[in-house]
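Participant: In our numbering, the protein residues as written are 7 to 97. Below are the structure tokens for one structure; questions will follow.
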Amino acid sequence: MNRILYDFGGNAPTVVLTEDDKDQIKAAVKKRNASKFVKELGIGRTYFYGLLKQHHMELLRFAQICKVLDLKLLSQKDIDLFLTSVKERIS
Numbered sequence: 007m008n009r010i011l012y013d014f015g016g017n018a019p020t021v022v023l024t025e026d027d028k029d030q031i032k033a034a035v036k037k038r039n040a041s042k043f044v045k046e047l048g049i050g051r052t053y054f055y056g057l058l059k060q061h062h063m064e065l066l067r068f069a070q071i072c073k074v075l076d077l078k079l080l081s082q083k084d085i086d087l088f089l090t091s092v093k094e095r096i097s
């Protein structure tokens, strides 16, 4: 299954969030100061936890969260498929 969904009709690319993704993100946040973490992201705690209740998350927000938490939750295959699609649309 391709975990990155994209619609170039104006919608931002999104990631399908699995329960494992949510669990790993929550576990990584517990190891840090949650207030500092969300401040680093530039969002509020309530908004952050609301994101984790959704089935999809914008790709760039997901990437930002993973980078700050040092998590690698997308496969290289998912990333390559997405980048190939972007390249095809802009060339």
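Each residue gets a CB set at the ideal place from its N, CA and C atoms; glycine is no exception.
Three-state secondary structure (DSSP) at Ile-49?
Facilitator: For the purposes of this step, residue 49 is taken as residue 43 along the sequence shown, with counting starting at 1. Ile-49: coil per DSSP, three-state reduction.
Participant: If we count the other Cβ atoms within 10 Å of its Cβ and call it buried at 16 or more, is Val-92 buried or exposed?
Facilitator: Reading the sequence shown from its first residue, position 86 is the one you call residue 92. Exposed.
Participant: My parser needs the alpha helix (DSSP H) runs of 4 or more residues fully inside the stretch 39 to 92; what are they?
Facilitator: Complete alpha helix (DSSP H) runs here, min 4: 40 to 47, 51 to 57 and 65 to 75.
Participant: Does the distance from the CB of Phe-71 to the CB of Ile-31 come in under 9 Å?
Facilitator: Here the question's residue 71 lines up with position 65 in the sequence shown. Here the question's residue 31 lines up with position 25 in the sequence shown. What sits at residue 71 in the sequence shown is Ile, not Phe. Their beta carbons are under 9 Å apart, which means Ile-71 touches Ile-31 by this criterion.
Participant: With burial defined as no fewer than 16 other Cβ atoms inside 10 Å of the residue's Cβ, what is the status of Asp-27: buried or exposed?
Facilitator: Residue numbering aside, residue 27 sits at position 21 when the sequence shown is read from its first letter. The residue in question, Asp-27, is buried, as its Cβ has 16 or more Cβ neighbours within 10 Å.
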